[in-house]
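Visitor:
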Amino acid sequence: MRWILDKSFRAYCPLGAVLIVFLVIEIFLFRYHSYPQVLGETDGIGYMDRAAGPLFQADAFHGPGYSWAIRLGMMWGFSPFGAAKTISLVFGVLFIFVSWRFFLAMSGPKEAFWGTVLLAFNPTILARSVYVMSDMLAVGLFMSALALLLLPSKSTIWPGVLAGVLGGLAYLTRYVYIIIVVLPVIFWFFRLLAHNERQKNLISLLCFYLGFVGITLPWFIFLYQVKGNPFWNHNHLNIALNMYIGTLGWHGPPPLEDFPNLLAVIRSDPRLFFQSWAGGFLYMPWRMLQYYPETGVIAAVGFFCWLAQMNRIKMGLLLTILLYSLAVSVLWLSDRFVLLLFPLVAACMVSGLFAIPKRIYRQNLSGRLGRGLGRIPLRLFAFGVVGLFLPFSAVRKIPGFFADQAFEYQRAAEYLRATAPAQSSILTAKPHIPYYSDMQCLDYRSFYMQKAQLEDLPGILEQARPDFFIYDQRYAQTAFEQFEVFLEPRRNPYPDLLQCVHQIETPKKVVIYKYLK
Numbered sequence: 004m005r006w007i008l009d010k011s012f013r014a015y016c017p018l019g020a021v022l023i024v025f026l027v028i029e030i031f032l033f034r035y036h037s038y039p040q041v042l043g044e045t046d047g048i049g050y051m052d053r054a055a056g057p058l059f060q061a062d063a064f065h066g067p068g069y070s071w072a073i074r075l076g077m078m079w080g081f082s083p084f085g086a087a088k089t090i091s092l093v094f095g096v097l098f099i100f101v102s103w104r105f106f107l108a109m110s111g112p113k114e115a116f117w118g119t120v121l122l123a124f125n126p127t128i129l130a131r132s133v134y135v136m137s138d139m140l141a142v143g144l145f146m147s148a149l150a151l152l153l154l155p156s157k158s159t160i161w162p163g164v165l166a167g168v169l170g171g172l173a174y175l176t177r178y179v180y181i182i183i184v185v186l187p188v189i190f191w192f193f194r195l196l197a198h199n200e201r202q203k204n205l206i207s208l209l210c211f212y213l214g215f216v217g218i219t220l221p222w223f224i225f226l227y228q229v230k231g232n233p234f235w236n237h238n239h240l241n242i243a244l245n246m247y248i249g250t251l252g253w254h255g256p257p258p259l260e261d262f263p264n265l266l267a268v269i270r271s272d273p274r275l276f277f278q279s280w281a282g283g284f285l286y287m288p289w290r291m292l293q294y295y296p297e298t299g300v301i302a303a304v305g306f307f308c309w310l311a312q313m314n315r316i317k318m319g320l321l322l323t324i325l326l327y328s329l330a331v332s333v334l335w336l337s338d339r340f341v342l343l344l345f346p347l348v349a350a351c352m353v354s355g356l357f358a359i360p361k362r363i364y365r366q367n368l369s370g371r372l373g374r375g376l377g378r379i380p381l382r383l384f385a386f387g388v389v390g391l392f393l394p395f396s397a398v399r400k401i402p403g404f405f406a407d408q409a410f411e412y413q414r415a416a417e418y419l420r421a422t423a424p425a426q427s428s429i430l431t432a433k434p435h436i437p438y439y440s441d442m443q444c445l446d447y448r449s450f451y452m453q454k455a456q457l458e459d460l461p462g463i464l465e466q467a468r469p470d471f472f473i474y475d476q477r478y479a480q481t482a483f484e485q486f487e488v489f490l491e492p493r494r495n496p497y498p499d500l501l502q503c504v505h506q507i508e509t510p511k512k513v514v515i516y517k518y519l520k
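Last residue of the sequence shown: number 520 in my numbering, and the count goes up by one each step with no gaps.
1) Grouping DSSP H, G and I as helix and E and B as strand, with all else coil, what is Ser147?
2) Please state whether the Cβ-Cβ distance between Ser428 and Pro461 is less than 7 Å.
3) Given this structure, state the Cα-to-Cα distance separating Ser147 from Glu417, to the nearest angstrom.
4) Can you give me the Cβ contacts of Phe81 inside the same chain, cut-off strictly under 7 Å, excluding the 5 residues immediately before and after it?
5) Using the C-alpha atoms, what's the distance from Leu285 back to Leu325?
6) Between Trp191, Tyr174 and Tyr227, which lies nearest to Ile218 when the distance is taken from Cα to Cα?
7) Which residues in the same chain as Ile182 place their Cβ atom closer than 8 Å to its Cβ, once the five residues preceding and following it in sequence are excluded?
8) Please report the Cβ distance between Asn236 and Phe64, rounded to the nearest whole angstrom; I am assuming they are in contact, meaning their Cβ atoms lie under 8 Å.
9) In the DSSP assignment, find the beta strand (DSSP E) that holds Thr431 and state where it starts and stops.
10) With a 10 Å radius around its C-beta and 16 neighbouring C-beta atoms as the bar for buried, classify Tyr439 as buried or exposed.
11) Roughly how many whole angstroms lie between the Cα atoms of Ala311 and Gly355?
12) Can you give the beta carbon distance from Met246 to Phe223, rounded, assuming they're within the 8 Å contact cut?
13) Is Met51 closer than 7 Å to Pro83 when the C-beta atoms are compared?
14) Report the three-state DSSP secondary structure of Arg5 (helix, strand or coil).
15) Of all the alpha helix (DSSP H) runs that stay within the bounds of the segment 288-339, which reach a length of 4 or more residues?
16) If contact is defined by three or more beta carbon pairs under 8 Å, each pair taking one atom from either stretch, is the segment 25-37 in contact with the segment 129-144?
17) Beta-carbon within less than 6 Å of Lys317's beta-carbon, same chain only, minus the 5 sequence neighbours each way: which residues are those?
18) How close, in whole Å, do the beta carbons of Lys511 and Gln485 come, if the pair is a contact with beta carbons under 8 Å?
19) Under a three-way DSSP split, which group does Tyr516 fall into?
20) Out of Ile73, Gly111 and Tyr478, which one is the CA nearest neighbour of Pro17?
21) When DSSP builds the beta bridges, which residues end up paired with Asp272?
22) In whole angstroms, what separates the C-alpha of Pro346 from that of Ile436?
23) Assuming Thr119 and Val21 are in contact, meaning their beta carbons sit under 8 Å apart, how far apart are those beta carbons, in whole angstroms?
24) Taking only the alpha-carbon atoms, compute the straight-line gap between Leu151 and Val164 and give it to the nearest angstrom.
25) Suppose the cutoff is 8 Å on Cβ atoms and the five residues either side in sequence are ignored; what does the same chain contact list for Asp407 look like?
26) Taking the C-alpha atoms as reference points, what is the distance between Pro424 and Leu464?
27) Using three-state DSSP, classify His65 as helix, strand or coil.
28) Can you give me the C-alpha to C-alpha distance between Gly66 and Met313, rounded to a whole angstrom?
29) Where does the unbroken alpha helix (DSSP H) through Phe94 begin, and where does it stop?
30) Which residue's Cα is closest to the Cα of Tyr294: Leu154, Phe392, Leu381 and Gly231?
31) Taking its Cβ as the centre, do 16 or more other Cβ atoms sit within 10 Å of Gly170, making it buried, or is it exposed?
32) Between the Cα of Asp46 and the Cα atoms of Gly143, Phe410, Thr176 and Gly283, which residue gives the shortest distance?
33) Pull up the DSSP beta-bridge partners for Ile507, would you.
34) Could you check if Asn264 belongs to the surroundings of the ligand PLP, using beta carbon to heavy atom distance under 6 Å?
35) Is it buried or exposed, Gly19, if we count other Cβ atoms within 10 angstroms and call 16 or more buried?
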């Protein structure tokens, strides 16, 4: 493992300076971020809930990795929320460190420093490094596994085993990182062509799969026992949602009985499936430039400069990102799905900046004009512009990441804590109110309410038998507008089943009903 820390102390000083500033900002955001966001961290509440339950739990959309990590943090005395944020922060730092090692392998120290700066202080990276979501943990694990596969000049046994373990944990955290199982074969083939060390490379390849299977096998056995399929999950419903959200107006995953597997999704409309897939793949470069909106155009130009000096590390990274892009293009694209692409964009931006001449050449310009233009430090000016835009972009964008705070949810939780019996169950659209009130949550969407009609509600209530039914304007009015009548208790169509016991008017309206049966 000497290749990881094979640089002098002096070589680490620029990285250390970047990480110190990064951590100072993150500590502020860590304290500022006091509770889960409504839209961005809904899944985070589920992760925290599962972390306090059995170690092995089959969840339709999420692997167990993040919940296991939160549980480990709780063993060290953290609250679930504090543990979740700390894990994101730790792996955000790891993500930056491993990216720096890639930058060094692909270029020189100056380019590595600026690539690290552009990556670390991107608003998305800053925000996601304290979010209660699994994405930073997953990409940190995946990038670490990728570094162990790519950065050593020769294949060795223990980096291969560790790469398999980290790749397996990345898969258990986010299922899309299953692409890790293909990469060692590709890299083995390239090394075989370059070094012709067939036996040694093959041993390293086998060591990777030994590590991967060793860490994932217990989970595969568990899923096979409880679901009959070691790869069981319902992420294909997200693919269907991405396909039909524009045409059918869906706001949540469709019913499983309509789309029991990926093949059923494809068969439902093959043309729309491939159109959606191709559209997502072609849209991704533009989407990535939007995450560097003030300076992203430099990355588009710099990509060709970056390609001009191709090496083994660049080829491996490019193939990895291409495979990942193909895998994730079937989903709707948001910043958390494309974190793996951020180092490439930063590297391309740096290549574009260093391609700018230091000064204007004045061979064809004479006199004072030529002397004046020749003194303009073009490259330094370009770096200065980027340096100014980084804090400007962070100040402008970061508040938006943490602005989705529902104070009315907290007020509803305070009412329930004060009046509701212990262990009351709640039927609602979002898990935030039950989370704040420390009560059991019955997920509104688990009954596929987006397809239910108003007359179906008595049957749903009979099936769920909650103590309280909560309808809130912030989320449910847009997702389940067919139940909008419950925002006005005087229009309650089922007064014999539901009794209004509390209303909250601001910032969005929340109406709490008591189920009478």
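Even for Gly, the Cβ is constructed at its ideal location relative to N, Cα and C.
Guide: For this structure:
1) By one-based count along the sequence shown, residue 147 stands at place 144. Here Ser147 carries a helix assignment [DSSP, helix/strand/coil].
2) One-based indexing of the sequence shown puts residue 428 at position 425. One-based indexing of the sequence shown puts residue 461 at position 458. It is not a contact, given that the beta carbons lie outside the stated cut-off.
3) For the purposes of this step, residue 147 is identified with residue 144 of the sequence shown, where counting begins at 1. For the purposes of this step, residue 417 is identified with residue 414 of the sequence shown, where counting begins at 1. Near 43 Å, if we compare the C-alpha coordinates of Glu417 and Ser147.
4) Along the sequence shown, read from residue 1 onward, the residue named residue 81 stands at position 78. Excluding sequence neighbours, Phe81 sits near Thr89.
5) For the purposes of this step, residue 325 is taken as the residue at position 322 of the sequence shown. For the purposes of this step, residue 285 is taken as the residue at position 282 of the sequence shown. Cα-Cα distance, rounded: 12 Å.
6) If you number the sequence shown from 1, residue 218 lands on position 215. Between Ile218 and the set Trp191, Tyr174 and Tyr227, the nearest pair of CA atoms involves Tyr174.
7) Within the sequence shown, residue 182 is the residue found at index 179, counting from 1. Closer than 8 Å at the Cβ level, and outside the excluded window around Ile182, lie Thr323, Leu326, Tyr327 and Ala330.
8) Residue mapping note: residue 236 aligns to position 233 of the sequence shown, counting from 1. Residue mapping note: residue 64 aligns to position 61 of the sequence shown, counting from 1. Taking 8 Å as the upper bound for CB-CB distance, Asn236 and Phe64 are in contact here, some 7 Å apart.
9) Indexing the sequence shown from 1 puts residue 431 at position 428. Per DSSP, Thr431 is one residue of the beta strand (DSSP E) stretching across Ser428 to Thr431.
10) Walking along the sequence shown from the start, residue 439 turns up at place 436. By the Cβ-count criterion, Tyr439 is buried, with 16 or more other Cβ atoms from all chains shown falling within 10 Å of its own Cβ.
11) What you label residue 311 is simply residue 308 of the sequence shown in a count that begins at 1. What you label residue 355 is simply residue 352 of the sequence shown in a count that begins at 1. Those two C-alpha atoms are separated by around 11 Å.
12) As a first step, residue 246 must be located in the sequence shown, where it is residue number 243. As a first step, residue 223 must be located in the sequence shown, where it is residue number 220. Wrong, their Cβ atoms sit about 29 Å apart, outside the cutoff.
13) What you label residue 83 is simply residue 80 of the sequence shown in a count that begins at 1. What you label residue 51 is simply residue 48 of the sequence shown in a count that begins at 1. By the CB criterion at 7 Å, Pro83 and Met51 fall inside the cutoff.
14) Walking along the sequence shown from the start, residue 5 turns up at place 2. Confidence at Arg5 is low in this model, with a pLDDT of 49, below 50, so its placement is unreliable and the value that follows should be read with caution. Residue state for Arg5 is assigned as helix, using DSSP reduced to three classes.
15) Runs found: 299-311 and 315-331.
16) In short, these stretches touch, since the Cβ pair count reaches three.
17) Walking along the sequence shown from the start, residue 317 turns up at place 314. So the qualifying residues of the chain are Met109.
18) Residue 511 sits at position 508 when you count from the first residue of the sequence shown. Residue 485 sits at position 482 when you count from the first residue of the sequence shown. Not quite, the Cβ-Cβ distance comes to about 19 Å (not below 8 Å), so this is no contact.
19) On the sequence shown, position 513 is the one that residue 516 refers to. Reduced to three states, the DSSP call for Tyr516 is strand.
20) Reading the sequence shown from its first residue, position 14 is the one you call residue 17. Of the listed residues, the one whose Cα sits closest to Pro17 is Gly111.
21) Residue mapping note: residue 272 aligns to position 269 of the sequence shown, counting from 1. DSSP output for Asp272 lists no bridge partner at all.
22) Translated into the one-based positions of the sequence shown, residue 346 becomes position 343. Translated into the one-based positions of the sequence shown, residue 436 becomes position 433. C-alpha of Pro346 to C-alpha of Ile436: approximately 37 Å in a straight line.
23) Indexing the sequence shown from 1 puts residue 119 at position 116. Indexing the sequence shown from 1 puts residue 21 at position 18. That belief holds up - the Cβ atoms of Thr119 and Val21 are roughly 5 Å apart, short of 8 Å.
24) Counting from one through the sequence shown, the residue named residue 151 turns up at place 148. Counting from one through the sequence shown, the residue named residue 164 turns up at place 161. For Leu151 and Val164, the distance between alpha carbons rounds to 9 Å.
25) Indexing the sequence shown from 1 puts residue 407 at position 404. Correct list, in chain order: Gln40, Val41, Leu42 and Gly43.
26) The residue given as residue 424 occupies position 421 in the sequence shown. The residue given as residue 464 occupies position 461 in the sequence shown. For Pro424 and Leu464, the distance between alpha carbons rounds to 19 Å.
27) Within the sequence shown, residue 65 is the residue found at index 62, counting from 1. Coil at His65, not helix or strand.
28) Within the sequence shown, numbered from 1, the residue matching residue 66 stands at position 63. Within the sequence shown, numbered from 1, the residue matching residue 313 stands at position 310. Within the model, the alpha-carbon separation for Gly66 versus Met313 is close to 36 Å.
29) Start at 1 with the first residue of the sequence shown, and residue 94 comes out as number 91. From DSSP, the alpha helix (DSSP H) with Phe94 extends over Pro83 to Met109.
30) Within the sequence shown, residue 294 is the residue found at index 291, counting from 1. The shortest Cα separation from Tyr294 among Leu154, Phe392, Leu381 and Gly231 belongs to Phe392.
31) If you number the sequence shown from 1, residue 170 lands on position 167. Counting Cβ neighbours within 10 Å, Gly170 comes out buried, since at least 16 surround it.
32) Position 43 of the sequence shown, counting from 1, holds the residue named residue 46. Check the Cα spacing between Asp46 and each of Gly143, Phe410, Thr176 and Gly283: the tightest is with Thr176.
33) To locate residue 507, count along the sequence shown from 1; it is residue 504. Beta-bridge partners of Ile507 (DSSP): Val513.
34) Among the ligands in the structure shown, none appear at all, so the ligand PLP cannot be discussed.
35) Numbered from 1 along the sequence shown, position 16 holds the residue referred to as residue 19. Looking at its Cβ environment, which holds fewer than 16 other Cβ atoms inside 10 Å, Gly19 is exposed.
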